[in-house]
Amino acid sequence: METETRCKFRWFWAWNDDREEEWLGSMSREGWHLSDFGFPGLYYFRKGEPKHYVYRLDFNTSKLKDREAYLQLFQDAGWEHLGNMSAWEYFRKEAKPGEAPEIFTDPESKIQKYQRILRFLIIFFPVLFILFSTSGRQITERGPMGGVLLCITTGILVLYAVGSLGIILRIGRLKKTVRK
Amino acid sequence: MPKADEIQKYLPLTESMFYVMLSLVEPLHGYGVMRKVEAISRGIVTVGPGTLYGMFTSFEEEGLITMVKEEERRKSYLLTAKGKRVLVRQIERLEIMNKCAAEFKNRL
């Protein structure tokens with residue numbers, strides 16, 4: 043019997059990853075379980091029995107040789123690893139309705155996760171900057187093609203700025219909860 | 131005294147950090163730590179794998195714990211002398227808190 047599959051496009055910002063987790067959980071409660079993901083924002087689901095799955099995302103920047111121990115730890119704790127999209131690792135665990143198992147059990151480690159994302163963005167900033175400045179030069183040298191290139195890099199730069207700001211604000215909100 | 135300051139910067143430990151470090155008085159791998167923390171804290175504290183992995187990484191970098199065994203992708207860790215000093219200092223602080231708790235309990 044062929045199992046029914048479905049592809050959906052949804053965009054989530056990095057600082058709203060809890061909304062993504064919630065959405066994946068609600069899909070599973072309707073019987074659509076995440077099976078694969080492709081290009082950022084593309085999700086593949088497989089039809090099955092409705093289940094109460096809790097989905098959790100981590101941003102893992104540990105070295106490749108340490109990743110095995112990392113994944114083993116999650117597996118030992120009862121989390122199924124679904125795969126990764128760049129540094130994003132997707133996990134899920136079956137839970138009783140109303141139960142919400144967590145991979146991060148204190149606010150400090152949750153803050154550290156967003157700091158890892160921010161650090162990742164900062165590392166790539168020089169690359170983006172070089173791209174931006176070279177495409178700026180292209181505009182005068184190459185005419186219309188340079189304009190297209192500039193549009194694309196400007197778009198990326200805006201995305202980048204919005205992303206970094208969103209994460210900084212998220213960290214700020216989380217830090218407030220620690221002080222309470 | 132530079133030595134004292136070196137310990138001081140880790141204090142106070144968060145509740146999760148305290149229990150994770152305590153459980154490493156004997157070599158344990160990640161899942162062993164998770165179970166032990168839950169047991170010794172009487173079920174009050176649970177540590178998720180994301181939180182624990184982050185602690186292992188930073189504790190090892192800071193020299194508070196050290197990896198003693200790697201078996202089937204599971205790493206076991208143990209407290210170092212420095213890690214023990216941090217815990218002793220934390221316990222001293224807790225003892226003062228405990229005395230205060232006894233002193234002031236009846237006045238609340």
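Protein sequences appear in the order of chains C and L.
Per my numbering, the very first residue in the first sequence carries number 43; after that it's consecutive.
Per my numbering, the very first residue in the second sequence carries number 131; after that it's consecutive.
Don't be surprised by glycine CBs; every beta carbon is placed ideally from N, CA and C.
Just so you know, these numbers come straight off a predicted model, no measurement behind them.
(Q) Spatial neighbours of P143(C) within its chain, please: C-beta separation below 7 Å, excluding the five flanking residues on both sides. (A) Locating residue 143(C) in the first sequence gives position 101, where the first residue counts as 1. Correct list, in chain order: V96, K135, A137.
**Q.** Closest by C-alpha distance to P92(C), when choosing among G67(C), I210(C), Y86(C)
**A.** Position 50 of the first sequence holds residue 92(C). Answer by Cα proximity: G67(C).
**Q.** Segment limits, alpha helix (DSSP H) that includes Y223(C)
**A.** Since the first residue shown for chain C is 43 and the last is 222, residue 223(C) is missing from the structure and cannot be characterised.
Q | G180(L) and D108(C) closer than 8 Å at C-beta | A | Residue 180(L) sits at position 50 when you count from the first residue of the second sequence. Residue 108(C) sits at position 66 when you count from the first residue of the first sequence. Cβ distance not < 8 Å, so G180(L) and D108(C) don't count as in contact.
(Q) Give me the subset of the stretch 95-113 of chain C whose CB atoms are less than 9 Å from a CB atom of chain L, sorted by chain position. (A) Answer in chain order: R98, D100, N102, S104, D108, E110, A111, Y112, L113.
Q) chain L partners of Q154(C), CB-CB under 8 Å? A) To locate residue 154(C), count along the first sequence from 1; it is residue 112. Neighbours of Q154(C) across chain L, judged by C-beta separation under 8 Å: G184.
Q. In chain order, what residues of the same chain have a beta carbon less than 7 Å from the beta carbon of I221(L), not counting five sequence neighbours either side?
A. The sequence position of residue 221(L) within the second sequence is 91, counting from 1. The answer is none, since no qualifying residue turns up.
Q.
Quick check on the DSSP output: the beta strand (DSSP E) that includes W65(C) runs from which residue to which?
A. As a working mapping, residue 65(C) is identified with position 23 in the first sequence. Per DSSP, W65(C) belongs to no beta strand (DSSP E); it is in the alpha helix (DSSP H), 59-71.
Q. T176(L) versus chain C: which residues are under 7 Å apart at the beta carbon?
A. As a position in the second sequence, residue 176(L) is number 46, starting the count at 1. Correct list: T147.
Q: Please report the residue range of the alpha helix (DSSP H) in which N102(C) lies.
A: Stepping through the first sequence from its first residue, residue 102(C) is reached at position 60. Unbroken run through N102(C): none, as it is neither H nor E.
Q | Whole-number beta carbon distance between Y156(C) and I194(C), since they are thought to touch under 8 Å | A | Walking along the first sequence from the start, residue 194(C) turns up at place 152. Walking along the first sequence from the start, residue 156(C) turns up at place 114. The pair is not a contact, with the Cβ atoms about 27 Å apart (cut-off 8 Å).
(Q) Rounding to the nearest angstrom, what Cα-Cα distance links M131(L) and K212(L) in this structure? (A) As a working note, residue 131(L) is residue 1 in the second sequence. As a working note, residue 212(L) is residue 82 in the second sequence. With a pLDDT of 47 at M131(L), under the threshold of 50, the modelled position of that residue is not reliable, and no figure is offered here.
Q | R61(C), buried or exposed, once every other Cβ within 10 Å from all chains shown has been counted against 16 | A | Within the first sequence, the letter at position 19 stands for residue 61(C). Result: exposed.
Q.
Taking the alpha-carbon of K152(C) as reference, which of M227(L), L238(L), E156(L), G178(L) has the nearest alpha-carbon?
A. To locate residue 152(C), count along the first sequence from 1; it is residue 110. For the set M227(L), L238(L), E156(L), G178(L), the Cα lying nearest the Cα of K152(C) is the one of G178(L).
**Q.** Partner residues on chain L for S175(C), Cβ-Cβ distance less than 8 Å
**A.** Here residue 175(C) corresponds to residue number 133 of the first sequence, with the count starting at 1. Neighbours of S175(C) on chain L: none; closest Cβ ~36 Å, over 8 Å.
Q: Please confirm if S151(C) has its CB atom under 8 Å from at least one CB of chain L.
A: Indexing the first sequence from 1 puts residue 151(C) at position 109. Closer than 8 Å: yes.
Q | For F79(C), three-class secondary structure by DSSP | A | Along the first sequence, read from residue 1 onward, the residue named residue 79(C) stands at position 37. When secondary structure is reduced to three states using DSSP, F79(C) falls in the strand class.
Q.
Just to confirm, is the Cβ distance from L209(L) to V155(L) under 8 Å?
A. For the purposes of this step, residue 209(L) is taken as the residue at position 79 of the second sequence. For the purposes of this step, residue 155(L) is taken as the residue at position 25 of the second sequence. Going by beta carbons, L209(L) and V155(L) fall inside the 8 Å limit.
Q) Under a Cβ-count criterion, where at least 16 other Cβ atoms within 10 Å of its own Cβ denotes burial, should K205(L) be classed as buried or exposed? A) Numbered from 1 along the second sequence, position 75 holds the residue referred to as residue 205(L). Its Cβ being crowded by 16 or more others within 10 Å, K205(L) is buried.
Q: Starting from S128(C), follow the beta strand (DSSP E) in both directions and report where the run begins and ends.
A: Translated into the one-based positions of the first sequence, residue 128(C) becomes position 86. Boundaries cannot be given for S128(C), as no beta strand (DSSP E) includes it and DSSP labels it neither H nor E.
Q) Which term fits S128(C), buried or exposed, when burial requires 16 or more other beta carbons within 10 angstroms of its beta carbon? A) Residue numbering aside, residue 128(C) sits at position 86 when the first sequence is read from its first letter. Under this definition S128(C) is an exposed residue.
Q.
Taking 8 Å as the cut-off, does the stretch 66-86 of chain C touch the stretch 111-123 of chain C (at least 3 CB pairs, one atom from each stretch)?
A. Inter-segment contact for the stretch 111-123 of chain C and the stretch 66-86 of chain C is absent: fewer than three beta-carbon pairs are separated by less than 8 Å.
Q) Closest to N58(C) by CA distance: which of S104(C), I210(C), I172(C) is it? A) As a working mapping, residue 58(C) is identified with position 16 in the first sequence. Each of S104(C), I210(C), I172(C) was checked against the Cα of N58(C), and the nearest Cα belongs to I210(C).
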